[in-house]
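Protein chains: 2
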Amino acid sequence: MDEPAAPRRVVIVGGGFAGLFAARALRRSPVTVTVVDRCAHHLFQPLLYQCAAGILSEGQIARPLRVVLRRHRNVRCVLAEATDVDVAARIVRARRPEGSELELPYDDLIVAVGMRQSYFGHDEFAAHAPGMKTLDDALEIRHRLYRAFEMAETARDPEEKRQWLTFALVGGGPTGVELAGQIREIARRTLEREFSTIDPGTARVLLFEGSDEVLGTFGASLAARAARTLRGLGVELHLGTRVTDVDARGLAVRDREGVTTRFDARTVLWTAGVEAPPLAAALARATGAAQDRAGRIAVEPDLTLRGHPEIRVVGDVMGLDRLPGLAEVAMQTGAYAGRALRHSAAGRTAPAKPFRYFDMGSAAYICRGRAVVRAGRLHLSGVPGWLTWLFIHVAFLTGFRSRLGAVLSWAVVFASGARRERAFTSPFAQARMPPPEAGG
Amino acid sequence: MDEPAAPRRVVIVGGGFAGLFAARALRRSPVTVTVVDRCAHHLFQPLLYQCAAGILSEGQIARPLRVVLRRHRNVRCVLAEATDVDVAARIVRARRPEGSELELPYDDLIVAVGMRQSYFGHDEFAAHAPGMKTLDDALEIRHRLYRAFEMAETARDPEEKRQWLTFALVGGGPTGVELAGQIREIARRTLEREFSTIDPGTARVLLFEGSDEVLGTFGASLAARAARTLRGLGVELHLGTRVTDVDARGLAVRDREGVTTRFDARTVLWTAGVEAPPLAAALARATGAAQDRAGRIAVEPDLTLRGHPEIRVVGDVMGLDRLPGLAEVAMQTGAYAGRALRHSAAGRTAPAKPFRYFDMGSAAYICRGRAVVRAGRLHLSGVPGWLTWLFIHVAFLTGFRSRLGAVLSWAVVFASGARRERAFTSPFAQARMPPPEAGG
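Heads up: the protein sequence lines correspond to chains U and Z, in order. Using our numbering, read the first sequence as starting at 960 and increasing by one per residue. Using our numbering, read the second sequence as starting at 960 and increasing by one per residue.
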């Protein structure tokens, strides 16, 4: 007698680990799923630094969302940037790349927009110190790293040479540590004997960190071992420092005693902090949800917003229990939200068990033969840590057709130092070619 | 009694096939070689379209010049753009990426700057119709191709959908034909079943060519077969047409009868012509050498400039005998010039035999299972042509570490249509990240 109800419409904002795992959990559910993202690809973020460092290609770490979700008949992918949520009308507003507006109506909303690089109120630093969150960032960093050695080679002034051979990294978390290790390995191994007027091995890598240790989240013992490994690699650690200025020639930092020191470095990379993208603030305004200082959205124990059981927030932008911004947290919260919706779509009304994070541990790669791994009480470093890192990453790339390619690329770089993806685009402005115009 | 003479200084402008083969020929010669190029890599140009089409990565077709020339102890690589030649003082002037000037003194100069895309006096077309000469071009085209299908998917207006699903290619030479084949294969095979609101297979590919045939340089019989294959693939050929206008929404063409027709297409790619870069005009001014209409420099039969036996011009920018702009010509002229210098450095004074091009033939890929190959009297098309193409390209990639990777990528795309390098950077302007500033 009743007309068959139209299937419930689930909109997932963000195609990172959280959004992807939410969509996957809804595969056999009688709902329609729309995944909207600013990029057409799902990015394997933990290996982004390897793309920046010239080991892996873009295609090896970024697969089209459509390909990843190809077998999910109920999923539609939309390339657009979500800009606002109309909570009353249950509509996500989004902007297409050429500027026109899209409206995506929903019955259930999963917000998985992730976090972006934060410059702590100094967005003007960004021009001089790219972050490490997107494929664009990785290609920009690849360009700057390899160009710096080229510039050092042709500089006549010894002081200019030194500046091009000095790399400053801001932030001592996994990404900063991984980049520091990569730059020293590029300098010592990859570029060995390629230059005439410089010895790339003399390149200085300075790592600035506000706290008293690198990789603090791994615990004091692994942090100390990581610091030892980094120093052994030739990375100069400047702990307890805060960056106060960045320009095209270097940066200024203040230490705990309030002394400000200037460091000349033509390459400055920024991995120091994250902040929520604008959509998080729009959502908080619309729903009255609280945000923490970085903009993460406070959620109920079942990841919904208070007063809005139809809205779930997952992944890095979710502010529950101060969980770290790890791929593992994103996957688990995304899958949890997707399962909750699946149960609800199946008519089960029992209240959901609160989300509980199952800590599988974490790993950070330092250099060939060295990584730190923390999994429960298990703390590994050095070669055992590295082998574990290798195993985890080969296993996790399983869904990726490029696993074989990645293993080959690693075999080459571990054995010989050669990097297969060093090519970068022209360092000269293309005068005749303005940026693509919106076709709108 | 005499002081040992300083080694002769050879400057090679350009690290393409011509410059590279010249440097290689000088490997064991008692000269110092400086290779100066705007890019840090040597580009395997014949496969550039595969990078644009998402089959190969940048690293698979572009290797750092330093790596390619690693074993050449007498070679120095310089990342800079040659801007002028002071013929009297024997100095090449160049600009480094941050703008400062470099002076490269030479005893012998080899000019191998290649040709760039020509818009026949309409440089304003470039913003709407990228060319296909550089890695930047290929990544730009990859971005536009895959973005177009995404835009078609989210367009609400059927007319806008049709425009995004229409691809116009200007130029019916090998690059235009290869791109036309790639786009139809992407539409029919790679993207099959990935979209909800469009059928990618309906994408129209329009190929505009000024003459009466595509691949005219392959001879009438192969040209006719190529046209048949393209039409069978669904490519619409518009022969005998000249493009009179290009904008963000399409292009206008005039046919032989003088009738102008407008075609709506949100993606327009340009492979129609080439012109010499500004250095060629600078060199012609300085030496009085003649240039042809496209700017190629007239040379003596031994590839030197009249009155300047110390300057040799090789590769695409050399105007001898109206030779075609093929990799093979570039390799042979580069190697010839390098050998001539090697003999001269070894003190042999016999006049060099004039350069003679040994035509090894040429090949153009159309689609899976279809290519045309011309080698002397041997004309192949269809599957035999394709197998020959495959053999030649695998063989020629020999020097490339990525040969295995390329073969794997081809195996995947031929077998399943899947393309491993579809990832493109963000289609949204990165508001916070201005382009890298010159650090000068």
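Backbone N, C-alpha and C define an ideal beta-carbon position, used for all residues, glycine too.
| Item | Value |
| --- | --- |
| Spatial distance of Ala1139 of chain U from Phe1154 of chain U (CA atoms) | 21 angstroms |
| Asn1033 of chain Z vs Val992 of chain Z beta-carbon contact at 8 angstroms | yes |
| Within 8 angstroms, strictly: CB atoms of Arg1221 of chain Z and Ala1231 of chain Z | no |
| Environment of Arg1030 of chain U [buried if 16+ CB atoms lie within 10 Å] | exposed |
| Alpha carbon of Ala1257 of chain U to alpha carbon of Thr1246 of chain U, nearest angstrom | 11 angstroms |
| Beta-bridge partners of Met1290 of chain U, as assigned by DSSP | DSSP output for Met1290 of chain U lists no bridge partner at all. |
| Alpha-carbon to alpha-carbon, Arg1190 of chain U and Asp1045 of chain U | 51 angstroms |
| Cβ pair Met1074 of chain U, Glu1234 of chain U closer than 8 angstroms | yes |
| Buried versus exposed, by CB contacts within 10 Å (16 or more), Lys1120 of chain Z | buried |
| Beta strand (DSSP E) segments (min. 3 residues) lying fully within the segment 1237-1311 of chain U | 1267-1272 |
| Residue from Z:Gly1266, Z:Gln1141, Z:Ala1186, Z:Ala1241 whose Cα sits closest to the Cα of Arg1255 of chain Z | Z:Ala1241 |
| Inter-residue spacing [alpha-carbon to alpha-carbon] between Pro1268 of chain Z and Val970 of chain Z | 14 angstroms |
| Under 9 angstroms from the C-beta of Ser1303 of chain U: neighbouring residues of chain Z | Neighbours of Ser1303 of chain U on chain Z: none; closest Cβ ~24 angstroms, over 9 angstroms. |
| Chain U residues whose Cβ lies nearer than 8 angstroms to that of Tyr1105 of chain Z | Ala999, Pro1023 |
| 3 or more residues per run - each beta strand (DSSP E) lying fully within the segment 1041-1070 of chain U | 1050-1054, 1060-1064, 1067-1070 |
| With 16 other Cβ atoms within 10 Å as the buried cut-off, status of Glu1380 of chain U | buried |
| Where the alpha helix (DSSP H) containing Gly1362 of chain U begins and where it ends | A small correction: the amino acid at residue 1362 of chain U is Arg; Gly does not occupy that position in the sequence shown. That run of the alpha helix (DSSP H) goes 1362-1375. |
| Enclosing alpha helix (DSSP H) for Asp1095 of chain U [first to last residue] | 1094-1113 |
| Chain-ordered neighbours of Arg1035 of chain U on chain Z, where CB pairs are closer than 9 angstroms | Glu1112, Phe1154, Ser1155, Thr1156 |
| Pro1313 of chain Z versus Arg983 of chain Z: straight-line alpha-carbon distance, rounded | 20 angstroms |
| The beta strand (DSSP E) enclosing Ile971 of chain Z, as first and last residue numbers | 967-972 |
| Pro1395 of chain U versus His1087 of chain Z: straight-line alpha-carbon distance, rounded | Here Pro1395 of chain U scores only 39 on pLDDT, less than 50, and its place in the model should not be relied on; the value that follows carries that caveat. Their backbone Cα atoms lie some 7 angstroms apart in a straight line. |
| Min CB distance Thr1134 of chain U to chain Z below 8 angstroms | no |
| Touching by the beta-carbon criterion (3+ pairs, under 8 angstroms), the segment 986-1002 of chain Z and the segment 1320-1334 of chain Z | no |
| Span of the beta strand (DSSP E), counted from its first residue to its last, around Arg1333 of chain Z | 1329-1334 |
| Status (buried if at least 16 other CB within 10 Å, exposed otherwise) for Ala964 of chain U | exposed |
| Rounded separation between Ala1390 of chain U and Leu1068 of chain U - CA only | Its pLDDT being 45, under 50, Ala1390 of chain U is placed unreliably in this model, and the coordinates cannot settle the point. |
| Beta carbon of Glu1057 of chain U nearer than 8 angstroms to that of Ser1016 of chain Z | no |
| Contact list for Gly1364 of chain U against chain Z, beta-carbon separation under 8 angstroms | Gly1364, Leu1367, Arg1379 |
| Beta-carbon spacing of Val1371 of chain U, Ala1365 of chain U below 8 angstroms | no |
| Neighbourhood of Pro1064 of chain Z by C-beta distance below 7 angstroms, restricted to the same chain and skipping five residues each side | Arg968, Arg1049, Ile1050 |
| Any chain Z beta carbon closer than 8 angstroms to Phe1387 of chain U | yes |
| 8 angstroms Cβ cutoff, Pro1283 of chain U in contact with chain Z | no |
| Beta-carbon proximity check, Cys1326 of chain Z vs Glu1144 of chain Z, cutoff 8 angstroms | yes |
| Closest by C-alpha distance to Tyr1078 of chain U, when choosing among U:Ser1375, U:Thr1042, U:Val1202 | U:Val1202 |
| Enclosing alpha helix (DSSP H) for Ser1180 of chain Z [first to last residue] | 1179-1192 |
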